[in-house]
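Asker: For what it's worth, my numbering labels the leading residue of the sequence shown as 43, then goes sequentially.
We treat Cβ as the ideally placed atom computed from N, Cα and C, and that holds for glycine.
Pasting in a structure now, in C-alpha cells, and then I'll have a few things to ask.
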Amino acid sequence: MNFKKCLRCGCFFSSVDDICPNCAPKDNFEMSKLKTFLTNQVEDASVADISKGTGIDESNINRFMNNKDFIKAVKKEKKNIDINL
Numbered sequence: 043m044n045f046k047k048c049l050r051c052g053c054f055f056s057s058v059d060d061i062c063p064n065c066a067p068k069d070n071f072e073m074s075k076l077k078t079f080l081t082n083q084v085e086d087a088s089v090a091d092i093s094k095g096t097g098i099d100e101s102n103i104n105r106f107m108n109n110k111d112f113i114k115a116v117k118k119e120k121k122n123i124d125i126n127l
C-alpha cells in the first residue's frame, strides 16, 4: 500500500482507496443523498443548485459526478436522467 492524500480532507493515509477511513462514511452518506436528489429531480439543476438543495459541497458533487460507478447507479435508478459531464 502507498501513502495517498485523501480527496476529501487532504490528510495522508495508507490505503488502496482515494478517501481516508475517517471520510469514507461521510462520502457514502453524501453519495446516497446526491443519488436520491438526482433521482427525484424533475428539472435540470446546476452544481450550485444541487449543492444548495443537498448541502453537499460543490467540490464533492463534482468528484461524485466524475465517478463512473456512481453515474451508472443513478442512471439505473432513473432511466430518463441526462447527466452530461
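Does the separation of the CB atoms of S93 and D86 fall below 8 Å?
Answerer: Their beta carbons are not under 8 Å apart, which means S93 does not touch D86 by this criterion.
Asker: So if DSSP puts E54 in a beta bridge, which residue, or which two residues, is it bridged to?
Answerer: It is worth fixing the name first, because residue 54 is Phe in this sequence and not Glu. Answer by DSSP bridge pairing, in chain order: K47.
Asker: Output needed for L49: all residues of its chain with C-beta closer than 7 Å, excluding positions within five of it in sequence on either side, in chain order.
Answerer: Contacts found: D60, I61 and R105.
Asker: Kindly indicate which three-state DSSP category A90 falls into: helix, strand or coil?
Answerer: Helix.
Asker: Classify I98 as helix, strand or coil using the three-state DSSP reduction.
Answerer: Looking at I98 - three-state DSSP - the assignment turns out to be coil, as it is neither helix nor strand.
Asker: Between E119 and the rest of its own chain, which residues show a CB-CB distance below 6 Å, the 5 nearest in sequence each way excluded?
Answerer: Same-chain partners within the cutoff: T81.
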